[in-house]
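First the structure, in the form of structure tokens, and then the observations on it.
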Ligand code: GAL
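Numbering (mature numbering (1 follows the signal peptide of the UniProt record, and there is no 0)), first residue to last: -20 to -1, 1 to 395.
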């Protein structure tokens, strides 16, 4: 009799466990493009090997840097119809848009019970936390102050060393232009791509410490170095493809792959993209930091959180625990061109990733504006508008004024 009761209990238990690990989980992101999609799909496939009964709904809204996805996500979350988990940048984008308005569940206790709380860099945990609670699981560490280049064209136009100074970079762009190639590939259809160049020029002009001070409210935006960054932005526009406003980041990155352009300043999701096109890092394409930013790691980190009212909350937690594992982090990141957020995960064996992992450990970290880490969304939108206005009008004073207004609006220093 006792045996029978035990058996019944056991089957109820295993039924409950299987039941708990079935059903659906909806994951929301903007990873639909080359490099991004491959990484996401490989990860979903791996998750399904572990949890064959959980159906992953891969909800995506195309548009690099979440151009279209963020608005959809906000509407869904505010309307009480969130996905089970979603891609969100560490920093202001997470805290200001979702945590402070009370839309997210804290995850600190889960991270502790999964034994991973201390497996992420402290600085990263800080920017996914609010009032002592962690609100999302960091998955990627991307670097966005990187210039990729086509090695074949680089050699063909007579360059022998990677530019280290602004003058050397301009000289290299001139050589590319003289040879009839697009010197600097740009696709700023979604605005952030031009904004990303400008923020890197700001890092170069201010240096990491002062750039960070702008966003900590310790240094005024009303500074000559902002003018210099904007002037350099105008200068760079002499070297971009004429159709830049019609292209997205992958289209621009592809110009290198097609032997039409020599350089591309892009976050290292482009590294993932080049690899999925079949290019080998270090052989077909090379990289260097925007001159003036060599000592800085401009950080973009994708994380996943747990919204309140997640329809499949239990499965969301199973998925988040999986994302926090070395298994998921070591699989996803090398395909994506990022290094794992977890310090004990494997960054992969390509030379770009090995170098980047080392740089992340040793350099000063500066948060990206356009990818939502440095400042609230209202600033990001106005900053991108100011830079796109600058690209069209070349009016530095006007762009500076627009940035000052944007800073003032979010209580950053302007005098
Ligand atoms: C960033 C995101 C990256 C990559 C990129 C282009 O905002 O953090 O993971 O997806 O946009 O879409």
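C-beta atoms are modelled at their ideal positions from N, C-alpha and C, and glycine is treated no differently.
In the three-state reduction of the DSSP assignment, residue 129 falls in the strand class. Residue 307 sits in a helix when the DSSP states are folded into three classes.
The secondary-structure analysis by DSSP pairs residue 267 across a beta bridge with 128.
The three-state reading of DSSP puts residue 39 in strand, counting E and B together. In the DSSP assignment, the residues bridged to residue 114 are 109.
The residue from 215, 281 and 314 with its alpha-carbon nearest to that of residue 256 is 314. Under the three-state reduction of DSSP, residue 360 is assigned to helix. Residue state for residue 220 is assigned as strand, using DSSP reduced to three classes. The C-alpha of residue 105 lies about 11 Å from the C-alpha of residue 96. Straight through space, the alpha carbons of residue 135 and residue 351 are spaced by roughly 33 Å. Note that the C-beta distance between residue 359 and residue 321 is not below 9 Å. The DSSP-derived three-state label of residue 195 is helix. Sequence-distant partners of residue 278 (beyond 5 residues in either direction) whose C-beta falls short of 7 Å from its own C-beta, in its chain, are 123, 124, 125, 180, 183, 346 and 348. Runs of the alpha helix (DSSP H) lying entirely within the region 317 to 381 and spanning at least 4 residues, in chain order: 331 to 342 and 357 to 373. Secondary structure at residue 18: helix, using DSSP grouped into helix, strand and coil. Cβ atoms of residue 65 and residue 201 stay farther apart than 8 Å, at about 35 Å.
Around residue 12, the same chain offers 40 and 42 as residues with beta carbons nearer than 6 Å, after the five sequence neighbours per side are excluded.
Taking a 10 Å sphere around the C-beta of residue 234, we find 16 or more other C-beta atoms and assign the residue as buried. The beta carbons of residue 368 and residue 168 sit closer together than 9 Å.
Annotation for residue 93 indicates a beta carbon at 8 Å or more from all heavy atoms of ligand 1. With contacts defined by Cβ atoms closer than 9 Å, residue 274 and residue 144 form a contacting pair.
Under the 8 Å Cβ criterion, the region 264 to 272 does not count as touching the region 290 to 300, having fewer than three qualifying pairs. Counting only runs of 4 or more residues that sit fully inside the region 60 to 104, the alpha helix (DSSP H) segments are 88 to 93, in chain order. Leaving aside the five residues that flank residue 79 on each side, the residues in its chain whose CB is nearer than 6 Å to its CB run, in chain order, 110 and 115.
Counting along the chain, residue 241 sits inside the beta strand (DSSP E) bounded by residues 241 to 246. Per the C-alpha coordinates, the member of 295, 27, 36 and 63 positioned closest to residue 287 is 63. Going by beta carbons, residue 244 and residue 139 fall outside the 9 Å limit. In the three-state scheme derived from DSSP, where H, G and I count as helix and E and B as strand, residue 162 is classed as strand. Per DSSP, residue 55 lies in no beta strand (DSSP E) segment; the continuous alpha helix (DSSP H) that holds it begins and ends at 49 to 58. Contact between residue 216 and residue 164 is confirmed by a C-beta separation of about 6 Å, below the 8 Å threshold. Put simply, the backbone Cα of residue 154 is about 18 Å away from that of residue 224. Sorting 29, 304, 9 and 335 by C-alpha distance to the C-alpha of residue 91 places 304 at the top.
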